[in-house]
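Worksheet: one structure, shown below.
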Amino acid sequence: MKRFSFLVVLPLVALSLFLGQQVLATASKSNVGTVIKDLKVRFSGKSPELAGKPYVLEFWATWCPPCRQSIPHLNAVYKKYKDRGLEIIGVTDEDKQTVRTFEKTVPIEYTVGYDPYKKVNEDFGIQGIPHAMIVDSTGKIVWEGHPMSMKDSDIEAVLKK
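Using our numbering, the first residue of the sequence shown is number 2, and each one after it goes up by one.
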């Protein structure tokens, strides 16, 4: 009987984790089509030059397990496309010291932006993280969702413009 229960429960747990990951990447509204004129976040180093460049804007936190899983994926995306002009900005509302400590165990190779007052999160209606947006070179959001759901073709489309 225990084996039967395990065989029934395991797929249900896996399904709930998958669906939970999809639900986490939510916003209260669709942001596709919105133009970002000025990204008002703070950076620990030099601010990246975003004017005329495509970028991925991702909302995350150190305490978020799905965010931790998506960071290596975003590192790989950044490594693959940075020489073609793609920037990635990971926005968190946590403080710099928390992020620095976190990066000792989970390195982040792209730019981290800080939104301590959650103003950017509120502007975009971010309700669940991780949540990513692909922004084209004109500043228009052309895709949004869970960062692990981004396809190469979504990124390639903004690099061709």
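All C-beta atoms in this analysis are idealised placements derived from N, C-alpha and C, irrespective of residue type, glycine included.
Inset, instruction - Can you give me the Cβ contacts of V42 inside the same chain, cut-off strictly under 8 Å, excluding the 5 residues immediately before and after it? - result: I90, V92, G114, Y115, D116, V121
Legend entry - Beta-carbon proximity list for Y56, same chain, < 7 Å, skipping 5 on both sides: L87, E88, I89, I90, V136
Legend entry - Sufficient close CB pairs (3 or more, under 8 Å) joining the region 33 to 53 to the region 126 to 146: yes
Legend entry - Cα-Cα separation between D96 and F44, rounded to whole angstroms: 11 Å
Legend entry - Burial state of Y118 (16 or more Cβ within 10 Å): exposed
Inset, instruction - Can you give me the Cβ contacts of C251 inside the same chain, cut-off strictly under 6 Å, excluding the 5 residues immediately before and after it? - result: Outside the displayed span of the chain (2 to 162) sits residue 251, for which this structure offers no information.
Inset, instruction - Confirm, please, whether the CB-CB distance from L51 to A148 is below 8 Å. - result: Looking at the sequence itself, residue 148 is Pro, so the reference to Ala does not match. No.
Legend entry - Buried versus exposed, by CB contacts within 10 Å (16 or more), A133: buried
Legend entry - Spatial neighbours of Y79 in its chain, beta-carbon cut-off 6 Å, leaving aside the 5 residues before and after: I89, E110, Y111
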